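Sequences listed follow chains A and B, in order. Residue numbering for the first sequence follows my numbering, starting at 142 and increasing by one per position. Residue numbering for the second sequence follows my numbering, starting at 142 and increasing by one per position. Using N, Cα and C, we set each Cβ at its ideal position, and we do this for glycine too. Fair warning: this is a prediction, and the values are worked out from it, not measured in the lab.
Number of protein chains: 2
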Amino acid sequence: MAKELDFLTKRSEDYSRWYNELVVKADLAEQSDVRGCMVIKPYGYAIWERMQRLLDDRFKATGVQNAYFPLLIPKSFLSREAEHVEGFAKECAVVTHYRLKTNETRDGVVVDPAAKLEEELIIRPTSETIIWNTYKNWIHSYRDLPLLINQWCNVMRWEMRTRLFLRTSEFLWQEGHTAHATREEAEERAKLMLKVYADFAEEVMAVPVIQGVKSETERFAGALDTYTIEAMMQDGKALQSGTSHFLGQNFGKAFNVTFTDEQNQPQFAWATSWGVSTRLMGALIMTHSDDNGLVLPPRLAPIQVVIVPIYKNDEQLKKVDEAVNPIVEELRKLGISVKYDNADNRRPGFKFADYELKGVPVRLVLGARDLENGTVEVMRRDTLEKETRPLEGIVQYVQTLLDDIQKNIFEKARAYRDSRIYECDDYEEFKDRVKDGGFFLCHWDGTTETEAKIKEDTQATIRCIPYGFEQTPGVDMVSGKPAVARVLIARSY
Amino acid sequence: MAKELDFLTKRSEDYSRWYNELVVKADLAEQSDVRGCMVIKPYGYAIWERMQRLLDDRFKATGVQNAYFPLLIPKSFLSREAEHVEGFAKECAVVTHYRLKTNETRDGVVVDPAAKLEEELIIRPTSETIIWNTYKNWIHSYRDLPLLINQWCNVMRWEMRTRLFLRTSEFLWQEGHTAHATREEAEERAKLMLKVYADFAEEVMAVPVIQGVKSETERFAGALDTYTIEAMMQDGKALQSGTSHFLGQNFGKAFNVTFTDEQNQPQFAWATSWGVSTRLMGALIMTHSDDNGLVLPPRLAPIQVVIVPIYKNDEQLKKVDEAVNPIVEELRKLGISVKYDNADNRRPGFKFADYELKGVPVRLVLGARDLENGTVEVMRRDTLEKETRPLEGIVQYVQTLLDDIQKNIFEKARAYRDSRIYECDDYEEFKDRVKDGGFFLCHWDGTTETEAKIKEDTQATIRCIPYGFEQTPGVDMVSGKPAVARVLIARSY
């Protein structure tokens, strides 16, 4: 992995290229030799692991338990729920055989035609069908409800055009699948999980999100309602960062999941499902990072503080080591992840650039002169500001600084986003401006025709009917028909 | 999930049936409708999650980082390493197509013949090939080594006869793949990871294991040496619980992974791989459990302490609640997982039996009379012993008791195993006794012929050439030829 550190394309030059380069150069992920499937490298995976852990804690705090369901789904399951199959079943990996055999020239393997499956199996693109087929045996009485289950797993959707983290054929995610006795309880759960996602995005990832509900066109295949969180990337495009679906009784009916209610009457169970994926890595990267590389919120940074010594000889290094070791120890006691990079294999300037590229939130630099003066140089990655601080009290200072960085990058991202949310009432103006990115709040008449026309004319879509904005009725900018509310329209990833 | 609690088949009646029933009735796992694939239920998954977390900590303490590699492997990769393909490539799930389409009658889906892959993809049975194909790009200089990477994932091997946890087509595991500059370092790593597994098995799972090295016949396909930990189940059979492989330069050569050494000479990298899987759940269950159900080591128990109130009316319950709540709080402060089951939906006797079935290590029962006397009934799951203790100091008592149970079930399992390890020098006697289980230490001449004959005659195999036993040369009990050491022979899962 020794390589020359080269610079990134600037965002202003080519945003898309900047992203692709950053993901690879910061050692987050890379394309594999398997079409559309990525390798998540150790540094990228360490960030994902922290996301998983913190999300998982939040799920469990709402009563959710983890479980594991099969990777493969019988083909016939997919067609049980009619809308679901329309939306999902088409582009997926199909297992048709279960054995290879040595070829005739004995230098390779071929598929054994004798080992053909009676029914083909699909690698899960999502698991509603296999899970509801299982719930059938788990749910008998209202006492068995609610059932609140999540799984962390890999899924596969055969994508033709892929981009690391944002759109890959295989990706990692969690999918929650809950079953309830009443419609109200299921709807409440779907909304609760959206709130869990929104809080996680804002508090942990420092990514501000707009919560809302999808239009019918943009709903999950088989859902009665899809709730979403939408984040704005630095190019003004939207990135759907998490969705939570109220599925009604569709899967209950498709898989015959009934329970006897308190009046001893049979009822179909009510369902939700909700998921976030490694796509969140894309949201994280594109919200905060800059032309020097990754900017990470301290709560997700695998290394929160890096300490780099400056020295001319072994004697000087030994003195710096002696000063640094107790600082490292104290920081670790506070639960702060710290790396003291006193390795002799790279010059300090190279180390600086590399840790900037990797988004380490705080850098401390200590040299011989600092030791004399009792000082240390502190650099914060979010603003790249450097200052010289007294060594005494540096541990507490760093602790406060990490909180400050977490807060600052959130505020910065929010201010940026808010500056690019526009109310717009004129379609010509909209068409002109939407090319340059931004979120547009526009009145919508609620018809799929208008929605389709906007998409065709501009590639922009209705991201959601947002919460948290004051709504007044108006006139649809496309059709001129009455509209009860403004919706959020943007181009998206 | 409401169901009548029925009793288990006794181990003495039918050990195999006892196991199958226990796994299902204790809510650990069940068969899915997908052949050979299991559903890991929340209670079973909670145990697996604890195993994962604790193993992962131990891996990281040795410098290992996690990453993620693709699920699918191009068919041609499998034939790159000749021995590897012989051992592995045959029984696996083959992806041949990437699209479905609606059928002619529009009521189902069929595989789209137009979407046939040029090269078939295999669902990973293990990931040496795809990972070493990636390492090729990561390793250039000795400075890039060692590379110490692990992944937690699902794998698939098409099994004809499956048993929950012990042998399933899809299973969960971790696979570590390391690359080194020298043979010595790689061998050391392979042995180190075996030690990590052995320590985890004994200290966390309370499962005593014998460490050793496999015979050539039993080696992993592509390995120069396979190290193993072997545990004895209660029927005297061996269960291979974890393996660590020294792979030499086989994969380095097959995937052309070279580095320049300190003398600037090109060298092939040296490899290890090592893994444990959900099979460990089977080892855990079959080592400790009894005719009442699961017995769990406290370090892996999702619920370590359950408290059940006895009451005749709401007023009594309220008083018990008041006494129990501070105990719950104090236990939690000590990091002890505790459940206070004051739900009114099941009689105490039913609760007792259910928590016994689920292996909760400690049960506290509190009734009106206990409140008067300032006492509490304590039951430990491992011995089923009950005693009445003063309420005062109960929290410290429980904490000590949990440690004691952890230690006791390990000692019990070790004593049982040790009582069934036999030195045997007579093949007729061996053939007669091996049917009843047990580990046999026998001199072996080192030939595959002898090994094959033993297997054919008795179904028993050489589990390993064990460490930790004093070895003296002798005579092979089958061939009569000289033998340098005794090997461990047993029937196995």
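**Item:** Ranges of the beta strand (DSSP E) found wholly within the stretch 205-244 of chain B, counting only runs of at least 3
**Value:** 213-215, 235-238, 241-243
**Prompt:** Using DSSP with H/G/I as helix, E/B as strand and the rest coil, what is L88 (chain B)?
**Reply:** Coverage of chain B is limited to positions 142 through 634, which leaves residue 88 (chain B) absent and any answer about it impossible.
**Message:** Let me check understanding here. Comparing Cα to Cα, which of A:Y239, A:I272, A:W279, A:Y283 lies closest to P266 (chain B)?
**Reply:** A:Y239
**Request:** Mind checking who L288 (chain A) pairs with in its DSSP beta bridge?
**Result:** A:A320
**Request:** Under 8 angstroms between beta-carbons, which chain B residues line up against V180 (chain A)? List them in chain order, please.
**Result:** A208, Y209, F210, P211, T275
**Contact between the stretch 573-591 of chain B and the stretch 616-627 of chain B (3+ Cβ pairs under 8 angstroms)** = yes
**Coil, strand or helix - I451 (chain B) by DSSP** = coil
**Prompt:** Which class does I263 (chain A) belong to by DSSP, given the choice of helix, strand or coil?
**Reply:** strand
**Message:** Using a Cβ-Cβ distance cut-off of 7 angstroms, determine whether T319 (chain A) contacts chain B.
**Reply:** no
**Message:** Check for me: the beta strand (DSSP E) holding A412 (chain A) runs from which residue to which?
**Reply:** 411-418
**Whole-angstrom distance between V449 (chain B) and D482 (chain B), CA atom to CA atom** = 5 angstroms
**Message:** Quick check on T246 (chain A) - is its C-beta less than 7 angstroms from some C-beta in chain B?
**Reply:** no
**Cβ-Cβ distance between R521 (chain A) and I546 (chain A) below 7 angstroms** = yes
**Prompt:** Can you give the Cα-Cα distance for R635 (chain A) and A410 (chain B), rounded to whole angstroms?
**Reply:** Outside the shown range of chain A (142 to 634) lies residue 635 (chain A), about which nothing can therefore be said.
**Request:** Taking D485 (chain B) as the reference, give the member of B:N466, B:P502, B:N454 with the closest Cα.
**Result:** B:N454
**Request:** Counting only the same chain and skipping the five closest in sequence on each side, list residues whose C-beta sits under 8 angstroms from that of Y563 (chain B).
**Result:** R574, G579, F580, F581, L582
**Prompt:** So M192 (chain B) is in the alpha helix (DSSP H); what residue range does that whole segment cover?
**Reply:** 183-202
**Prompt:** So which residues on chain B does S637 (chain A) lean against when the C-beta distance must stay under 8 angstroms?
**Reply:** Outside the shown range of chain A (142 to 634) lies residue 637 (chain A), about which nothing can therefore be said.
**Request:** Write down the C-beta distance between E232 (chain A) and R298 (chain A) rounded to the nearest angstrom, noting that I regard them as a contact closer than 8 angstroms.
**Result:** 6 angstroms
**Request:** Identify whether D495 (chain A) lies in helix, strand or coil by the three-state DSSP scheme.
**Result:** helix
**Cross-chain neighbours of H238 (chain B) in chain A, by beta carbon under 7 angstroms** = V235, T237
**Item:** Cβ of Y160 (chain B) within 7 angstroms of any chain A Cβ
**Value:** no
**Item:** Test: V175 (chain B) CB closer than 7 angstroms to a CB of chain A
**Value:** yes
**Message:** Does the CB of N295 (chain B) have a neighbour CB from chain A at under 7 angstroms?
**Reply:** yes
**Message:** For chain B, check one thing: does any of its Cβ atoms lie closer than 7 angstroms to the Cβ of L241 (chain A)?
**Reply:** yes
**Request:** Identify whether R561 (chain A) lies in helix, strand or coil by the three-state DSSP scheme.
**Result:** coil
**Asked** From R632 (chain A) to R308 (chain A), what distance separates their C-alpha atoms?
**Response** 16 angstroms
**Message:** If you measure between the beta carbons of N295 (chain B) and L212 (chain A), is that distance less than 7 angstroms?
**Reply:** yes
**Prompt:** Are V226 (chain B) and L262 (chain B) close, meaning C-beta to C-beta below 7 angstroms?
**Reply:** no
**Same chain, Cβ closer than 6 angstroms to Y276 (chain A), five either side skipped, listed in chain order** = A320, V398
**Message:** Going by DSSP, what residue range makes up the beta strand (DSSP E) through S385 (chain B)?
**Reply:** 379-389
**Message:** Quick check on A556 (chain B): buried or exposed, where buried means 16 or more other Cβ atoms within 10 Å of its Cβ?
**Reply:** exposed
**Prompt:** For A593 (chain B), does the count of other Cβ atoms within 10 angstroms reach 16, so buried, or fall short, so exposed?
**Reply:** exposed
**Prompt:** Checking contacts by CB at 7 angstroms: is P254 (chain B) closer than that to chain A?
**Reply:** no
**Prompt:** With DSSP run on the structure shown, which of helix, strand or coil describes F396 (chain A)?
**Reply:** coil
**Prompt:** Hey, A379 (chain A) and R604 (chain A): beta-carbon distance below 7 angstroms or not?
**Reply:** yes
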